[in-house]
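Structure first, then comments.
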Amino acid sequence: MNAVTKNFLVRSLKFIGFWIVIGLLIYLVGKFSYLFLPFILAFIFTSTINPLKKFLIRHLHCPPTVAVLASMVAEIGAFALLVAFLITRAVREAHDIIVHWPFYSELFERVFSHWLNTVQTAYFNLPGNYTGYLSNALNGLLKPVPSLLTRGFSLAAAVPEWMIIIVVSLVATFFMSKNSQRYISAFVRIFPWEWQDSLRALGRDFAGAFSGFIKAEFIVFLLILVMSVGGLLLIHARYAIVLGTVTGIVGILPVLGVGLVLVPWAAVSLLTGHTWFAVELILLTTAVTIMRHIVEPKILGDNVGLDPLLVLISMYVGLAATGIIGLILGPFILIAYNSLKRAGVFRNL
62 MNAVTKNFLV RSLKFIGFWI VIGLLIYLVG KFSYLFLPFI LAFIFTSTIN
112 PLKKFLIRHL HCPPTVAVLA SMVAEIGAFA LLVAFLITRA VREAHDIIVH
162 WPFYSELFER VFSHWLNTVQ TAYFNLPGNY TGYLSNALNG LLKPVPSLLT
212 RGFSLAAAVP EWMIIIVVSL VATFFMSKNS QRYISAFVRI FPWEWQDSLR
262 ALGRDFAGAF SGFIKAEFIV FLLILVMSVG GLLLIHARYA IVLGTVTGIV
312 GILPVLGVGL VLVPWAAVSL LTGHTWFAVE LILLTTAVTI MRHIVEPKIL
362 GDNVGLDPLL VLISMYVGLA ATGIIGLILG PFILIAYNSL KRAGVFRNL
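In this text, residue positions in the sequence shown follow our numbering: the first is 62, and each later residue adds one.
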């Protein structure tokens, strides 16, 4: 075996081994994501409060502890105000629904009775083999209902566990933000001294890219929120602000996104005879979805410094491989790979 072939084989094996290790790490993090969840949330929260913390330290000369606490209080306070506003509007609009409930109940009963009579007439006029297919299809649709109800009760029972996760995340956020430099220095000192400067530069590059990712996702969320609320107000939908905000929050999820709220709403509107309103809701869903798929990769690419297509692929692959946490894990790995590449780690692979 000549030297060129041997060198090629060695580099190929190193490259394959590296990606096997990366794949194994992705699998382990996805499988045991619940163990890392408080610290992943803390890392994200730390990234969001860092700009305000730096501003308070540099321009107002606040001590680091005060700056971190003030930043956390400001961000949590803003989130609490938003939740309080939504709850207030939801209570007000729930009261409106209760007041008009006799009308809604009568309308639903009338529409449902008409729809049921139509279905029964069509069903009994079908040939025997078609009725059998239809019965099997309906049974297949109804089969997941008990498991969905069980999951719903499980989520409700998990509220105390989520409270613990939130508390641990907040405490971890405080220490991460306040002592980040100390933790980084302690980690870097584990390695030989000749590596330390490169590792610090690598850490700064990665932290900047990940902060850019969080910023980009927040911009996308705001765009979806504005389009959802604005679109519902434009078509004169009732409860536009509350349902538009819920749509904006759910719209963070790729693929399904705003369709989780607007498509069922359109279906109900169609069944109750509001055909044009259902069409408007479908058009709004289409517009928001198209905007999201055009704008999100571009914003992510500009803020993170990566190709928009690669960012989009990493999000979908992460979602498919590890679930919801993969929406963060996929870009996280892509950002880490890009930072390592710029640092020259793969030069000899």
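All C-beta atoms, glycine included, are put in the ideal place defined by N, C-alpha and C.
Treat the numbers as computed from the prediction; the structure is a model and nothing was measured.
- For residue 399 against residue 270, the beta-carbon gap comes to about 7 Å, under 8 Å, which counts as contact.
- Per DSSP, residue 327 is one residue of the alpha helix (DSSP H) stretching across 320 to 332.
- Taking all protein chains in view, the Cβ of residue 326 is crowded by 16 or more other Cβ atoms within 10 Å, so the residue is classified as buried.
- In the structure shown, the three-state DSSP call for residue 300 is coil.
- Comparing alpha carbon positions, the residue from 137, 119, 384, 123 closest to residue 234 is 137.
- Residue 253: not part of any alpha helix (DSSP H); DSSP gives it neither H nor E.
- Three or more Cβ pairs closer than 8 Å define a contact, and the stretch 98 to 105 meets that threshold against the stretch 228 to 244.
- When the Cα atoms are used, residue 140 and residue 133 turn out to be separated by approximately 11 Å.
- In this model, residue 73 and residue 397 are separated by some 21 Å (Cα to Cα).
- It is roughly 34 Å from the alpha-carbon of residue 338 to the alpha-carbon of residue 384.
- If you draw a straight line from the Cα of residue 78 to the Cα of residue 124, it comes to about 46 Å.
- Contact between residue 375 and residue 358 fails: their C-beta atoms lie close to 10 Å from each other, not under 8 Å.
- Under the criterion of beta carbons closer than 8 Å, residue 319 and residue 346 qualify as touching, at roughly 6 Å.
- Straight across, the Cα-Cα distance linking residue 126 with residue 241 is about 12 Å.
- Taking C-beta atoms under 8 Å as the contact rule, residue 365 and residue 274 qualify, at a distance of about 5 Å.
- Nearest to residue 352 by alpha-carbon distance, out of 288, 163, 248, is 288.
- Taking C-alpha positions only, residue 298 is separated from residue 277 by approximately 29 Å.
- When DSSP states are grouped into helix, strand and coil, residue 364 belongs to the helix group.
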